[in-house]
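Novice: Protein chains in written order, with this note's numbering: chain X, 1 to 275; chain E, 276 to 550.
Below you will find the structure I want to go over with you.
See below:
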């Protein structure tokens with residue numbers, strides 16, 4: 001902690017929160033070219049984040065890549081490793097694209113008054129066979145200490161085995177949450193939470209509002225017994241991953257106004273998983 | 276080194292070169308707003324870098340911030356430390372601006388076929404009272420191993436004492452050169468090299484083409500004996516800094532076509548300092 005900053009008040013003491021914004025929230029995910037999400041959506045998300053920061057807690061924001069990076073990574077195959085010289089250029093170009101997205105997202109947050117500082121995970125991350133092996137979290141802790149809001153994002157990163165693999169926002173968020181002992185991870189995307197079945201296909205599907213040790217068995221039974229094996233199998237795995245991870249988490253639909261702010265504030269919204 | 280990449284040929288073995296591009300080369304430094312250098316200049320610089328990479332050596336490019344970052348850093352005072360909440364936002368905004376510049380410079384290099392991957396130094400750097408204390412160089416070494424061209428740039432960074440200070444390209448370049456045992460640092464900006472006096476004021480000023488242990492005393496005497504005390508004092512200090520640093524370096528004017536490529540290739544251009 002920096003002595004000269006005492007007057008700013010170290011917000012860190014009120015606990016650390018991690019907000020993961022899915023690629024569908026910050027970009028037009030359906031676009032084959034890099035395309036930002038609508039202006040109104042990005043402004044509204046930024047306002048909710050600003051309002052949460054005003055509460056005085058520490059916050060890390062992590063966003064996905066959506067239509068930035070993903071299409072190029074897939075078409076060039078760099079997510080499966082580097083084998084040609086053209087893939088070296090595609091690796092660089094993918095990094096450039098996701099940096100550009102983060103510059104844009106940071107711009108919205110900064111204009112809303114949030115000290116959102118882009119932090120490029122791949123400047124220190126080392127992957128191994130597609131898994132994050134190490135990443136510098138010291139600077140992120142330091143930035144939180146002085147009241148900044150580190151803004152991380154999915155990136156192509158050096159991989160010890162393959163030359164390159166994708167370090168996704170979904171991996172960065174829990175890594176930081178664990179390393180920095182976050183109180184809560186909010187996963188905001190385009191789904192309302194975990195349902196007993198696929199709500200798009202099954203009208204009897206209901207939202208599971210809370211998963212705790214007490215109802216975990218029942219929830220798993222409900223998800224695995226669903227007629228929509230693929231979806232519910234995925235949902236069961238997701239619930240178990242979040243449960244076993246050990247940090248309280250919440251899955252909310254960021255397209256619904258106010259959801260992110262409510263989830264960060266601990267209000268009842270989406271699916272909350274309390275290990 | 277990645278086994279799967281053996282077929283790409285590891286360029287690293289031919290030695291490492293560091294190219295520092297001054298802010299005057301990549302931006303319009305006279306602009307009060309962030310403004311990129313002219314398209315033709317950036318294309319020509321990129322082509323020279325591409326041609327050097329084709330020689331098969333490893334290269335790190337580091338650029339200054341010029342009209343990106345600098346004006347905001349100065350007007351907000353973040354280069355002298357963080358004391359207010361507004362400065363937190365200015366810190367974030369300055370980072371955003373320099374990232375935007377690096378995205379643009381990377382874009383030119385990538386379009387020329389150079390695998391130039393932006394690497395944000397402040398994602399791992401810790402400063403102390405304005406001096407670089409530590410920075411992760413492992414990923415940069417790893418990227419070089421697979422044939423990438425790491426692209427670093429001046430950034431506002433966390434400072435243990437002041438909250439924030441500026442980590443300039445002029446500090447990043449020698450730090451990396453020493454850590455990764457570079458053969459040569461080329462400093463390209465808007466000056467032709469080191470002169471015996473200020474060539475804008477003194478018509479008898481001549482370029483000092485080579486500084487070695489043999490003529491160092493003579494060069495210093497010439498610089499310190501000049502009638503232009505301020506300028507020559509600065510030049511003498513610069514020569515001594517580069518000489519004492521221990522890595523061969525070359526100061527060239529990047530505005531003259533071909534200079535950067537010639538300097539990287541070891542041809543006679545500008546001022547070469549051989550410790």
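Backbone N, C-alpha and C fix where the C-beta goes; we use that ideal spot for every residue, glycine too.
What you are looking at is a predicted structure, and each value in this text was computed from that prediction instead of being measured.
Is there a C-beta anywhere in chain E that falls below 8 Å from the one on residue 17 of chain X?
Specialist: Chain E, which has no Cβ nearer than 8 Å to the Cβ of residue 17 of chain X, makes this no.
Novice: Identify whether residue 463 of chain E lies in helix, strand or coil by the three-state DSSP scheme.
Specialist: Three-state DSSP puts residue 463 of chain E in a strand.
Novice: How would you label residue 507 of chain E, buried or exposed, when you count the other beta carbons within 10 angstroms and need 16 or more for buried?
Specialist: Any reading at residue 507 of chain E must be qualified, since the residue scores a pLDDT of 46, below 50, and its modelled position is unreliable; no value is offered.
Novice: For a contact defined as C-beta to C-beta under 9 Å, what are the partners of residue 33 of chain X on chain E?
Specialist: By Cβ distance, chain E contributes nothing, its closest Cβ being about 15 Å from residue 33 of chain X, past 9 Å.
Novice: Determine the extent of the beta strand (DSSP E) in which residue 126 of chain X is found, giving its start and end residues.
Specialist: Run containing residue 126 of chain X: 126–128, per the beta strand (DSSP E) assignment.
Novice: What residues in the segment 330–355 of chain E bring their beta carbon closer than 7 Å to a beta carbon of chain B?
Specialist: The structure shown contains no chain B; its protein chains are X and E.
Novice: Which residues of the segment 410–424 of chain E have a Cβ closer than 8 Å to any Cβ of chain X? Give them in chain order.
Specialist: Per Cβ criterion, the list reads 411, 413, 414, 417, 418, 421, 422, 423, 424.
Novice: At least one CB of chain X closer than 8 Å to the CB of residue 363 of chain E: is that the case?
Specialist: Output row for residue 363 of chain E: interface = yes.
Novice: For residue 58 of chain X, which option in X/206, X/18, X/66, X/162 has the closest C-alpha, if you only look at C-alpha atoms?
Specialist: With distances taken between Cα atoms, residue 58 of chain X lies closest to X/18.
Novice: Quick one: list the residues of chain X neighbouring residue 524 of chain E, beta-carbon separation under 7 Å, in chain order.
Specialist: Ordered by position in chain X, no residue passes the 7 Å Cβ test against residue 524 of chain E, which lies about 25 Å from the chain.
Novice: Quick one: using the 10 Å Cβ neighbour count with 16 as the cut-off for buried, is residue 482 of chain E buried or exposed?
Specialist: So residue 482 of chain E counts as exposed.
Novice: Taking a Cβ distance cut-off of 8 Å, strictly less, list which residues of the segment 393–411 of chain E are near chain X, in chain order.
Specialist: Those residues of the segment 393–411 of chain E that come within reach of chain X (Cβ to Cβ, closer than 8 Å) are 393, 394, 395, 396, 397, 398, 399, 400, 401, 411.
Novice: Unbroken beta strand (DSSP E) runs of length 3 or more, entirely within the segment 244–273 of chain X: which are they?
Specialist: You should have 249–253, 271–273.
Novice: Enumerated in chain order, which unbroken segments of the beta strand (DSSP E) with a length of 3 residues or greater are wholly contained in the segment 365–428 of chain E?
Specialist: DSSP runs (the beta strand (DSSP E)) wholly in the segment 365–428 of chain E: 391–393, 401–403, 406–409, 424–428.
Novice: Between the beta-carbon of residue 124 of chain X and the beta-carbon of residue 161 of chain X, is there less than 8 Å?
Specialist: The answer is no: Cβ separation not under 8 Å.
Novice: Excluding the five sequence neighbours on either side, which residues of its own chain have a C-beta within less than 7 Å of the C-beta of residue 374 of chain E, listed in chain order?
Specialist: Answer for residue 374 of chain E: 395, listed in chain order.
Novice: Name, please, each residue of chain X whose Cβ falls closer than 7 Å to the Cβ of residue 370 of chain E.
Specialist: Residues of chain X passing the Cβ test: 117, 118.
Novice: Residue 187 of chain X to residue 369 of chain E, Cα distance in whole Å?
Specialist: Roughly 28 Å between the two C-alpha positions.
Novice: How would you list, in chain order, the residues of chain E whose beta-carbon sits under 9 Å from the beta-carbon of residue 103 of chain X?
Specialist: Per Cβ cutoff of 9 Å: 371, 372, 374, 375, 378.
Novice: Using a C-beta cutoff of 8 Å, does residue 166 of chain X count as contacting chain E?
Specialist: It does not; no Cβ of chain E falls within 8 Å.
Novice: Taking the CB atoms as reference points, tell me whether residue 254 of chain X and residue 25 of chain X lie closer together than 8 Å.
Specialist: The answer is yes: Cβ separation under 8 Å.
Novice: Where does the unbroken alpha helix (DSSP H) through residue 169 of chain X begin, and where does it stop?
Specialist: Here the alpha helix (DSSP H) through residue 169 of chain X covers 169–179.
Novice: Which same chain residues end up closer than 6 Å to residue 411 of chain E when comparing Cβ atoms and leaving out the 5 residues on each side of it in sequence?
Specialist: Closer than 6 Å at the Cβ level, and outside the excluded window around residue 411 of chain E, lie 399.
Novice: Could you name the residues of the segment 443–461 of chain E whose beta carbon sits closer than 8 Å to any beta carbon of chain X, in the order they occur along the chain?
Specialist: The residues in question: there are none.
Novice: Taking its Cβ as the centre, do 16 or more other Cβ atoms sit within 10 Å of residue 43 of chain X, making it buried, or is it exposed?
Specialist: Classification of residue 43 of chain X: exposed, given that the 10 Å Cβ count is below 16.
Novice: Spell out the partners DSSP gives residue 58 of chain X in its beta bridges.
Specialist: In DSSP, residue 58 of chain X forms a bridge with X/16.
Novice: Based on Cα-Cα distance, which residue from E/541, E/441, E/364, E/550 lies nearest to residue 290 of chain E?
Specialist: Nearest option by C-alpha distance: E/541.
Novice: Can at least three beta-carbon pairs, one atom from the segment 171–183 of chain X and one from the segment 57–71 of chain X, be found at a separation below 8 Å?
Specialist: Touching, per the Cβ criterion.
Novice: To the nearest angstrom, report how far apart residue 167 of chain X and residue 417 of chain E are at their CA atoms.
Specialist: Each residue's Cα considered, the two are about 16 Å apart.
Novice: Please check if any C-beta of chain E sits within less than 8 Å of the C-beta of residue 91 of chain X.
Specialist: True, the Cβ-Cβ gap to chain E drops below 8 Å.
Novice: Listing by chain order, which chain E residues have their CB less than 7 Å from the CB of residue 113 of chain X?
Specialist: The answer, in chain order, is 364.
Novice: Is residue 431 of chain E helix, strand or coil by DSSP?
Specialist: Three-state DSSP puts residue 431 of chain E in a strand.
Novice: Could you check which residue in E/518, E/499, E/321, E/470 has the C-alpha nearest to that of residue 391 of chain E?
Specialist: It is E/321 whose Cα lies nearest to the Cα of residue 391 of chain E.
Novice: Strictly under 8 Å for the Cβ-Cβ distance: is residue 357 of chain E near chain X by that measure?
Specialist: Yes, residue 357 of chain E counts as interfacial toward chain X.
Novice: Measuring only between beta-carbons, confirm whether residue 110 of chain X sits less than 8 Å from chain E.
Specialist: Yes, residue 110 of chain X lies at the interface with chain E (some Cβ there is under 8 Å from its Cβ).
Novice: Return no unless some Cβ of chain X is closer than 8 Å to the Cβ of residue 428 of chain E.
Specialist: No, because no Cβ of chain X sits closer than 8 Å to the Cβ of residue 428 of chain E.
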